[in-house]
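In my numbering, the protein residues as written are 87 to 224. Just below is one structure, and these are the notes that go with it.
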């Protein structure tokens, strides 16, 4: 995988509220499928080296733990307690999201799922939905 991961930018054009929202995406997930595949390969190689006996359920539970950490940081930030200010939330949140993605990439590899296919094919379906215009069916 080369250098930095490209930033994703999506522009939403302003349209009348009764028409379908047109999304002009500079980011096309199929364009980055090879990079997502390579990311999964690199993550899985590292995980296999460091945790060779790990089973898919263990990586899934790890992902769930990271999601819990993200939810915890967000909740405490919104409640204004435990010293979680915006800066600390960003730090903890980005760490949890990063760990979550790494766990999910490894889970996919250990379970025979294609990380890039999951992201690309799901996004292709999701981006067709317009919940603002069609709150029942998207």
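Every residue, glycine too, gets a C-beta built ideally from N, C-alpha and C.
So what's residue i in DSSP terms, helix, strand or just coil?
i           : result
residue 221 : coil
residue 137 : coil
residue 127 : helix
residue 168 : coil
residue 215 : coil
residue 107 : Bear in mind that the predicted position of residue 107 carries a pLDDT of just 47, short of 50, making it too unreliable to give a figure here.
Can you tell me where the alpha helix (DSSP H) with residue i in it begins and where it stops?
i           : result
residue 207 : 201-212
residue 192 : 172-197
residue 155 : 142-165
Let me make sure I understand the geometry here. Which of the options has the alpha-carbon closest to that of residue i?
i           : options          : result
residue 198 : 176, 132 and 141 : 141
residue 196 : 172, 120 and 137 : 137
residue 211 : 220, 173 and 224 : 224
Only counting the same chain, and skipping five residues up and downstream in sequence, which positions put a Cβ closer than 7 angstroms to that of residue i?
i           : result
residue 149 : 186, 189, 190 and 193
Can you list, in chain order, the residues of its chain with a C-beta nearer than 6 angstroms to that of residue i? Leave out the 5 residues immediately preceding and following it.
i           : result
residue 146 : 193
* Tell me, please, whether the stretch 203-221 touches the stretch 149-167 by the rule of three or more beta-carbon pairs shorter than 8 angstroms. => The way I'd put it, the stretch 203-221 doesn't touch the stretch 149-167; fewer than three beta-carbon pairs between them come closer than 8 angstroms.
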